[in-house]
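Notes follow once the structure below has been shown.
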Amino acid sequence: MTNQRSRRDFMGLTMAGAVGALTPSWLGALRQPASRPVPTARAIDPDLVVINAKVYTMDGVRADAFAVSQHRFVAVGTTAAVKAMAGARTRVIDAGGLTVVPGFIDTHNHAGGSTLLYEVLVGNPFDVEFVSIESIVDKLRARARETPAGTWVSGYFHDDTKLTDKRQLTRQDLDRVSTEHPVVVRHRGGHTAFYNSRAFEWAKVTKDTVNPAGGTFDKDATGELSGRVTDRAMNVLNAVGTRPQFSDAERARRDRDGIAHMSKQFARYGLTTVHHEGGDLAAMQDVRARGDLRHRINYEASGAVLEGMIASGIRSGFGDDWIRFGATSEHTVDGSFSERTMAMSVPYAGTDYRGNVTESQDTLDAWVARVHRAGIQVNCHANGDVAIDMYLTAFERAQRQFPRADARPKITHCTLVTDDLVRRMKALDAIPSMFTTYAYYNTDKFPFYGESLMQRSMAFRTLLDAGVRAAAGSDFSPGPFAPLMGMQGMVTRTGWDGTSWGLNQRISVSEALRVNTLHGAYAAHEESIKGSITVGKLADFVMLSDDPHTVKPDVIKDIAIVRTVVGGETMYEA
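Take this note's numbering: the last position of the sequence shown gets the number 555, and nothing is skipped along the way.
Here's what the structure looks like:
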């Protein structure tokens, strides 16, 4: 397997590459925790008690208080009973009637903190905001002025349907940035990018260049290169020019700062566990060691790290309560929903184009079988029904060849489903890690698909009814990661623009909360330690300014995070 097969290539974020080998220097902090008894309230004064709260435990227990010792819940019940447990050393938080829920879990996030800190952001990473093409050109011109000729000038977090100009960015627009630099604007979705003429010239791509397998060089109405390039065709342009250079020390510093920055953002939005798509493991451990890691990391490996895991016999689940190996990073099978390149069994409206399949069935079969045989949880990026079918086929074959109980294959995105695909997912106990904020943030892209397809896209209702444990996967940077924005979209299926799509897929607030908590834990075989406020589980919880069950559904996203707590320690307080 090579890095070329990882979606991190598509994302184009400035995260450090995977470490080259599994060595004791970075495995030291990831040793398996020894089993230990859960402390009881009678045996030790609690470190923390929370009282007078409206607690949604997610395990069926009704409560308004709980106690924490040694980073775990040790009692859940009434305020009177829990308050009576408090000793002289116990910290008491009086919630004053506020709502408390388990910590939110995001099962798919690219966590590009260094991009947020150091790169040119041409769009809003966190919320709906319209920008002008002129503003994009101006920002990139400013970067070009301080960049040596021949070195790439890059913009990030572009959203093609959130331009005040109401048209696509073009090659000619980016020619105004510079004729001496290759220029690229990367769509936040990670599967398309927009280039200037210099980049095409250096890559020797013309209007007559044949599209490579799994990608396209798009044309304008006159047949000339438009500037837009999709999926695997981006590799051709990305291979030319010079990238900004950093020393090893500077790169490591940027990675550490990026992880610490992202961790603060996650805590601010109520996330207590995030599944990271790769990244620098050494930097993550450095941030943890200096006390700046505010969320738990489920590390999803690809490239050299995944190869090292296979060679060393390391399986999913190895690690501790803060940094643990999970499934693989998403192995890409098709294109993007938001950028209209996912592989579908029907053509996109008004065209004969059916999206991009990014690798063959034989190649996919071999990769899935190798990873599955190694005892590592398999995870593939599959948006369209064609890609989901390919992945399920590959996993069914691997499971027949190398049977393993409770494997829980993870399907990143799993956007467009059919009844037969759902039946096969249920049979495998597959875990769809699905877009959540898209139903609010990206409704301006839904007309490209139409109501008929949207009735079976992001199909939480269909999957939950079938008994499939769908989990929340924001896919940041392609989508905002705010869990409450995601819950609002799941409950209402109504976007920022007031349009509603696929109302048949709406789910209840309680179900949306379960998707964002307990199902997220299940996705990583962590349901015994996370996902609910239950005695013995890690004390990860969030205090909200209002109750999403009782506010109007169209304001759920506006509920404030009052406090985020991980292992009984406050990581964010408003």
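Just so it is clear, CB atoms sit at the ideal spot from N, CA and C, and this is done for glycine as well.
Following the DSSP letters along the chain, one finds Met552 inside the beta strand (DSSP E) bounded by residues Glu550 to Glu554. The C-alpha of Asn497 lies about 19 Å from the C-alpha of Glu311. Under DSSP, Cys361 takes part in a beta bridge, and its partners are His312 and Ile392. If you draw a straight line from the Cα of Lys147 to the Cα of Ala420, it is about 21 Å long.
Each of Asp343, Glu110, Thr142 and Trp183 was checked against the Cα of Trp133, and the nearest Cα belongs to Trp183. Under the Cβ criterion (8 Å, minimum of three pairs), the region 68 to 85 does not count as touching the region 109 to 129.
Setting aside the 5 residues that flank it on each side, Val403 is surrounded in the same chain by Thr443, Leu444, Ala447 and Val449, each with a C-beta closer than 7 Å to its C-beta; the list follows chain order.
With respect to the 8 Å criterion, Ala180 and Leu206 are not classified as neighbours on the basis of their beta carbons.
Excluding five sequence positions before and after Gly298, the CB atoms of its chain that fall closer than 7 Å to its own CB belong to Arg305, Phe306 and His506, given in chain order.
A Cβ-Cβ distance of about 18 Å is found for the pair Arg437 and Thr480, leaving them out of contact under the 8 Å criterion. If you draw a straight line from the Cα of Arg271 to the Cα of Lys245, it is about 14 Å long. Pairing Leu102 with Ala61, the inter-Cα distance amounts to about 51 Å.
Residue environment analysis places Glu320 among the buried positions, since at least 16 neighbouring C-beta atoms fall within 10 angstroms of its C-beta. A direct Cα-to-Cα measurement between Tyr137 and Asp456 gives close to 15 Å.
Under the three-state reduction of DSSP, Asn423 is assigned to coil, being neither helix nor strand. Here Met415 is actually not in contact with Gly365; their C-beta atoms are around 14 Å apart, not less than 8 Å. For Lys533, the three-state secondary structure derived from DSSP is coil.
Assignment of Asp370 by DSSP, reduced to helix, strand and coil, places it in the helix class. DSSP assignment within the region 33 to 57 yields the following whole beta strand (DSSP E) runs of 3 residues or more, N-terminal first: 35 to 37 and 46 to 50.
When rounded, the separation of the alpha-carbon atoms in Ser513 and Thr38 is 5 Å. Boundaries for Leu397: no alpha helix (DSSP H) harbours it, and the DSSP string shows neither H nor E there. Taken through DSSP and simplified to helix, strand or coil, Thr60 comes out as helix. Ranked by Cα distance from Val63, the options Ile392, Asp40, Asp87 and Asn33 are led by Asn33. Between Thr253 and Phe462 a beta carbon distance of about 13 Å is seen, past the 8 Å cut, so the two are scored as non-contacting. Separation of Phe429 and Tyr329 (C-alpha to C-alpha, rounded to the nearest whole angstrom) is 7 Å. Uninterrupted alpha helix (DSSP H) stretches at least 4 residues long and entirely within the region 464 to 505 occur at 464 to 473, 490 to 496 and 499 to 504, given in chain order.
Check the Cα spacing between Ala241 and each of Thr96, Asn360, Asp370 and Ala282: the tightest is with Thr96.
With a cutoff of 8 Å on beta-carbon distance, Val472 and Ala493 are scored as near each other. The DSSP assignment places complete alpha helix (DSSP H) segments of no fewer than 4 residues inside the region 245 to 286 at 262 to 270, in order along the chain.
C-alpha of Gly548 to C-alpha of Leu519: approximately 6 Å in a straight line. Contact holds between the region 370 to 377 and the region 332 to 345, because three or more Cβ pairs, one in each stretch, are under 8 Å apart. By the criterion of a C-beta distance shorter than 8 Å, Arg70 is surrounded in its chain by Asp26 and Asp28, once the five residues flanking it on both sides are discounted. For the pair of segments examined, the region 355 to 362 was found to touch the region 386 to 399: the number of CB pairs separated by less than 8 Å reaches three.
The straight-line gap separating the alpha-carbon atoms of Thr173 and Thr211 is approximately 4 Å. For Met66, no beta strand (DSSP E) run applies, since DSSP gives it neither H nor E. Assignment of beta strand (DSSP E) within the region 193 to 226, counting only whole runs of 3 or more residues, yields 196 to 200 and 206 to 212 in chain order.
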